[in-house]
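S.K.:
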């Protein structure tokens, strides 16, 4: 899957950290020293961001070798990226590359863990990351999801239909929504319409009214199971999404309970993966 | 402290989440419904990002009232921001505003906790956030630090001198660096020169060689105390910075051990603060 | 539906036409003349772009009154937008505003014509504009579609699944695709999967294999009718989209033949609507 | 003539259509398939945009061969551009490249037709495109004009002097303008001053008052002939531009009537050229 | 003449100087102090940049009063702009506003001096600034010229025809150019064609070949007079531009010698105007 | 020291001067002529901007050879940069490259002169350029300083602490500031605190209060000497910066008087260096 920041965006990231020059390296005359830099995770990770790190060093003008692509697993101490050139240039690219690798490999690794746990509970389950990533870095946040084997739940507000209670409470509640669902569906025949509900009975109501997807918000896995069983023999093939509090530890249970999709923000917020960065003379 | 994203930047954040329109609100005809939106933390927080949320709703064209500014404490359930207008416009600004408030209030709240704990260990201690925030969102990351009573350790590579072992190992090690320190200092007379070290003896060497700041990397607090005592009667008034593994729980101990500055990335990575968002008809 | 260019984008459009100043108005000293400018269509139109024109004049600093919003019908000679201020400023905003109003009202008007014709053939039919608009102006092109009562078929490549023969020919043809469809659908449970086909029999194959949408490319309306009848009693509720050569004149026939969605580029390319622009002293 | 979008602009066009990834190609695992893509017109065209299409594929990282440059004629089925690489990357660049080639080759082809027809009416006649292209895409619109052998009439408001009745009506009408023309001309000695008029007599008045160019708006070709004959023996070598309703079919007549410049928007609005796009395994 | 930076551009200038916050004002708690800032020239100047300074303070959120517009004369100690609000905000806008006012008022003032001197030598003489301003700041450089009563010689390479010896030497020299001039002129009938020459005889050759403008490069004023006299009775009304080494002190002489246009870079490079900035409590 | 504009920024500079095409070169068919362009200073200079000029020609697609890097001395007539390719492309890059080389080499050359003069007065003296460069071109202005052996005094308002009288007058004057200095210093332990003063006695007061740097504004060199002597035996190692009216001619005297840092805007405003540009057929 081709999914990378473009040159303009990479230049902006580099400029953010190095607006003019690297004062320390300059005072130490490091432009006169040839060196290499190596990035390797301290623990096994699913890599994300190595293409971006490669572009950073390439834009700086040093020779760069991308060894492990985004989406691949790297074992502990396995070098993921290597660059060599003037030590000043290496220092300029060091931290921004490391930050990208650590943050996004962290997200990718957690997504993969969640996906693997979920797969033990049920095959064909999709792990979706919410829109709850930090504003301004959607591109790499979604890349990290995909690198870990997940998907973006929604790219934003323009591409999909997800009706929250914050929506239907404004038009008279779930009952009213259910009455209007057929015309809403007819107005967007190429989209699936998702309705978020907070109880088993509401899920069944929404499904019977024709919701393509019922998103169960913060329900225990037993409730998911009840919804799943209730809808199993329905003529509608309603997709069941479970959202709210889903993590790597309960993903298997929710999957086993019959969810088709697990929607989570959990993967965005753990600690970054830890990468060892070695800079040495060549 | 005036520290906010400008209109161009706010527009880019909004466009990231709403590239064209809000499909769901449009299908539900929410432009015809007047409503108000309220943001209130579920737990007490130090607010960060309310000015940005205000700009988002103002750019959308709705009436907005900023109630709690960045840097101020908000108690649980205290409304921090309120806006009212068409429910479609409120939905367009909802998530990006909530994400900003939750992420950056989270950082601000953790920074404040760390600062308060550190203050119990020693007055006048400075809490600094590293450059380890996510690339692309430096502005709000630094604003969150300041909102919590911390400071940016360095804005980037161009504004300060911090010599890591990754630097001095390339020029012959700490000894060589110490010999070169006087001329380095003379080359940047308006800057303080910081040297990162990994042992008590190296710290003392660097201080005696004239480092304005010795940054102790991943040393236990007892080592900080030793360095502090060793340097107390020196003619140099060396600033002692402790870095690596500093969190809210050990900040007091490190402060009590004599550190002047605590350098940490800890505050960047916890869970976002939790805000309750209410949207209701008016 | 809130759907407008933001200030940064409006400023760029104005700068494109007026990089520095209006040389002609300046040579004639028109800054000393107060005037008003009025925009009115010469024929009835569905308006699109009046919000953008309003922003242009507002950014130039003149008083502006938006009279007819995008999506509304304006009769011949009905003033849609009015601004008054220095004649120099009015001249600076004139052409770029007129161009926006004329081009996008043209698209909106044609889309509306197509939608009304289609509605005579069948209720609940959706008119979709393709991705064949000009690169660089997607935002207003999609706004014009929506203003005319249509929808964007796809926002781009990231938000939807549409499998062309250019795709499945690379993996072994339609048969192979049909075999793989269940696993493809499982991999994107929240999306509808559309398959483009070029014959009635292929349409039926794709539908039976589980395609949520079959897009019939350049088939005559009788073929659409055959597909529609064949699928009427299927357990799959396959959506039928007709694409290729659909215009306002045949929209009714295609709708009557049973298409649920008409996919067209036709509305993008006719002549702009014609607006009379009056500038007169006040 | 070197006239192309730069990398930043090309990246923005690609990002507009592919904000993150190509979902369809990704679901079909097309990154594992090697293929080539070929673009060839179905009818003879004057090519415009092949350099931009080349840059799109090059930025995507595939091997690209530009065969027919902008401004050259391509016969039906002649391959204009070819690229080969992963089928996923080819699909990412397909539509945006095709849209550019089709739209701008369409404009170039119509401009060339108009220029050739005009040349039958009079040698040395210049075909100018107005500012009536779509806002936001001036660069390629002007490139298409030049590729077809035309010229931009004006780049925008800052580079030239063209006095419409919308200007001189504000200062007292054509008589007043004629009195002021000498001082206007003296104020911009390096520019030609053009005056738009709507009758033969006004054209002669403006020419006698010293207008370097008289632009005849929506006058029949007989009127152009009258102006041309009236001015033939004048000491002023007034340039005669004909504007309003000029198309490929009447260009010859207007040229034969004595116009030096034909100013038109006609070439901007026809149907795009039709290109066959072939994607096949390699 | 309306000629200003837009909001996006102003925000970029402010961000360049204040990337995050004003550290000094923040340490001094100046946000708690209300103050006013006044800008007044120490010597009489032609003002340029007061609209931009006004926008800077307005964007910062303080009350601002623009007293003297660009293009107007301000006497010594006359307040040109005043703003009041929090002292922190005033400090944030201070230097960037002062720099704009000082640099561009400097250029405007020198341009005006040159224009007034030239006017003593001949009426209707145009003062043109070259393209030799600093890259990246063309907008305000040209505004300063216009504020001083001058004009931009050329906006850039796309809007005008100026043939240097660096051009015609590549095609066989001035003789060849003269032979080709008629067809060059026919190819751009709406532009004046300028030819730069370095001797009286070349000037006459170019004029006789039909150059609309002869630009005399680094010729003494006696040579300008000779060219002027030689061309006085020509049927061509050739415009004479003098370029190279023209300053305020020799502008009168060159004007008296018969030049119609003086082309200079001199105004760009003197010292900035000196403005007194007062910040005081309110 | 690696310090250059990135591709996006270079493209913007080129676009500023060549928004669409080079009209003159196009009319002369220079795309058919192969040529080379050479840039050589007419007088010895310290080069600045050759990397940017190299990028300009490289982006235009011509072969480019960078011969003298920024920061190096070039003797008169020494070629600094050479490019060869189509004469049209060379003309497109000519002026913007020349302007960059001339302006910034001028600043670099003056900075070097000042640094060399200062070095005769005292070793280890730092030459700093102020924030008084033109807004919008900070990057290359600072690069020019560094190329000449100077430094930026401050990057902007966010990176350093410099307390002007415009600051302390708002809080009660220098006395109040001195009382508050210890707590101000404690609040930014990693920064040096500079205080600008206008008399010898104030300098001594500020130094005794703990200012790390006293910046003497517009004081004669005898006053600098007095401050220097007064502070020589102080326990504080106060840095003495002299600012206001410092030029190449008095730099030596100020250095000899005991200043550690000379702060100046003088280098920004002289005439550009003069480069001979040769374009010749190849």
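Protein chains in written order, with my numbering: chain A, 2 to 283; chain B, 2 to 283; chain C, 2 to 283; chain D, 2 to 283; chain E, 2 to 283; chain F, 2 to 283.
We treat Cβ as the ideally placed atom computed from N, Cα and C, and that holds for glycine.
Whose C-alpha, out of F:230, F:111 and F:86, is nearest the C-alpha of residue 280 of chain F?
M.R.: If we check each option's Cα against that of residue 280 of chain F, F:86 comes out closest.
S.K.: By DSSP's criteria, residue 75 of chain B is part of a beta bridge. Which residues make up the other side?
M.R.: Bridge partners of residue 75 of chain B: B:46.
S.K.: Check the C-beta distance from residue 185 of chain B over to residue 28 of chain A and give it rounded, since I have them as a contact under 8 Å.
M.R.: That belief holds up - the Cβ atoms of residue 185 of chain B and residue 28 of chain A are roughly 5 Å apart, short of 8 Å.
S.K.: Which residues of chain E have a Cβ atom closer than 8 Å to the Cβ of residue 17 of chain F, listed in chain order?
M.R.: In chain order: 136, 137, 139 and 157.
S.K.: Buried or exposed, going by whether 16 or more other CB atoms sit within 10 Å of the CB of residue 78 of chain F?
M.R.: Exposed, because fewer than 16 other Cβ atoms sit within 10 Å of the Cβ of residue 78 of chain F.
S.K.: Keeping to the same chain, check which residues put their C-beta closer than 6 Å to that of residue 210 of chain A; ignore five residues upstream and five downstream.
M.R.: Cβ within range, chain order: 179 and 182.
S.K.: In three-state terms, what does DSSP make of residue 195 of chain D?
M.R.: Strand.
S.K.: Using a 10 Å radius around the Cβ and a threshold of 16 neighbouring Cβ atoms, would you call residue 187 of chain E buried or exposed?
M.R.: Exposed: under 16 other Cβ atoms inside 10 Å.
S.K.: Quick check on the DSSP output: the alpha helix (DSSP H) that includes residue 6 of chain B runs from which residue to which?
M.R.: Residue 6 of chain B -> no alpha helix (DSSP H), and no H or E assigned at all.
S.K.: Please identify the residue among A:94, A:36 and A:111 whose C-alpha is closest to the C-alpha of residue 46 of chain A.
M.R.: Of A:94, A:36 and A:111, the residue nearest in Cα terms is A:111.
S.K.: Does the beta-carbon of residue 191 of chain D, which I'm using as the reference point, lie nearer than 7 Å to any heavy atom of the ligand PLP?
M.R.: Annotation note on the ligand PLP: not contained in the displayed structure, which lists no ligands.
S.K.: Based on Cα-Cα distance, which residue from A:159, A:249, A:163 and A:197 lies nearest to residue 15 of chain B?
M.R.: Measuring from the Cα of residue 15 of chain B, the nearest candidate turns out to be A:159.
S.K.: Return yes when the Cβ of residue 164 of chain A is within less than 8 Å of the Cβ of residue 195 of chain A, no when it is not.
M.R.: In this structure, residue 164 of chain A lies closer than 8 Å to residue 195 of chain A by Cβ.
S.K.: Can you list, in chain order, the residues of the region 201-223 of chain A whose Cβ is nearer than 9 Å to any Cβ on chain B?
M.R.: Here the close residues number zero.
S.K.: Apart from the five residues on each side of it in sequence, which residues of its chain come closer than 7 Å, Cβ to Cβ, to residue 191 of chain F?
M.R.: Here the set comprises nothing.
S.K.: What number of angstroms, rounded off, separates the C-alpha of residue 106 of chain E from the C-alpha of residue 40 of chain E?
M.R.: Distance between the alpha carbons of residue 106 of chain E and residue 40 of chain E: 12 Å.
S.K.: Measure the alpha-carbon distance for residue 74 of chain D versus residue 231 of chain E and round it to whole angstroms.
M.R.: One C-alpha to the other measures close to 48 Å.
S.K.: Please go through the same chain and pick out, in chain order, the residues whose beta-carbon is closer than 8 Å to the beta-carbon of residue 122 of chain A, but skip the five residues on each side of it.
M.R.: 252, 253, 254, 255, 256, 257 and 258.
S.K.: Looking at chain B, which residues of the region 247-258 of chain F have a Cβ within less than 7 Å of any of its Cβ atoms?
M.R.: For the region 247-258 of chain F, which is checked against every Cβ of chain B, not one residue is closer than 7 Å.
S.K.: Is the beta carbon of residue 63 of chain B sitting closer than 8 Å to the one on residue 33 of chain B?
M.R.: No. Outside cutoff.
S.K.: For residue 22 of chain D, which of A:8, A:99, A:128 and A:141 has the nearest alpha-carbon?
M.R.: Nearest option by C-alpha distance: A:141.
S.K.: Give me whichever residues DSSP pairs with residue 152 of chain D in a beta bridge.
M.R.: According to DSSP, which records beta bridges pairwise, residue 152 of chain D is partnered with D:129.
S.K.: Let's see if you can read the secondary structure: which residues bound the beta strand (DSSP E) around residue 24 of chain B?
M.R.: Where residue 24 of chain B is concerned, there is no enclosing beta strand (DSSP E), although the alpha helix (DSSP H) it sits in stretches over 24-28.
S.K.: When DSSP labels each residue in this structure, what does residue 11 of chain E get in the three-state scheme?
M.R.: Helix.
S.K.: Can you list the beta strand (DSSP E) stretches of 3 or more residues lying completely in the region 178-252 of chain F, in chain order?
M.R.: Runs found: 194-198, 214-218 and 240-244.
S.K.: What's the gap between the Cα of residue 276 of chain E and the Cα of residue 100 of chain E?
M.R.: Distance between the alpha carbons of residue 276 of chain E and residue 100 of chain E: 9 Å.
S.K.: Helix, strand or coil for residue 63 of chain B, going by three-state DSSP, please let me know.
M.R.: Reduced to three states, the DSSP call for residue 63 of chain B is coil.
S.K.: Between which two residues does the beta strand (DSSP E) harbouring residue 260 of chain B extend?
M.R.: Premise fails: residue 260 of chain B is in no beta strand (DSSP E) and is neither H nor E.
S.K.: Name, going along the chain, the residues of the region 46-59 of chain F whose beta-carbon falls closer than 8 Å to a beta-carbon of chain E.
M.R.: So nothing in the stretch comes that close.
S.K.: If you reduce the DSSP assignment to three classes, tell me which class residue 164 of chain C lands in.
M.R.: DSSP places residue 164 of chain C in strand when its eight states are reduced to three.
S.K.: Using beta carbons (cut-off 8 Å, strictly below), is residue 80 of chain F in contact with chain E?
M.R.: No, because no Cβ of chain E sits closer than 8 Å to the Cβ of residue 80 of chain F.
S.K.: Looking at the secondary structure, which residues open and close the alpha helix (DSSP H) in which residue 112 of chain D lies?
M.R.: 88-122 is the span of the alpha helix (DSSP H), which, as asked, contains residue 112 of chain D.
S.K.: So residue 146 of chain B and residue 108 of chain B are supposed to be a Cβ contact under 8 Å. How far apart are they, rounded?
M.R.: Yes, residue 146 of chain B and residue 108 of chain B are in contact; Cβ-Cβ is about 7 Å, under 8 Å.
S.K.: Compare the beta carbon distance of residue 89 of chain A and residue 3 of chain F with 8 Å and say whether it is the shorter of the two.
M.R.: Cβ distance < 8 Å, so residue 89 of chain A and residue 3 of chain F count as in contact.
S.K.: Output, in chain order, the set of chain A residues within a Cβ distance shorter than 9 Å of residue 12 of chain D.
M.R.: Under the 9 Å cutoff, chain A gives 7, 8, 9 and 10.
S.K.: List, in order along the chain, the chain C residues whose C-beta lies closer than 8 Å to that of residue 23 of chain D?
M.R.: Under the 8 Å cutoff, chain C gives 158 and 159.
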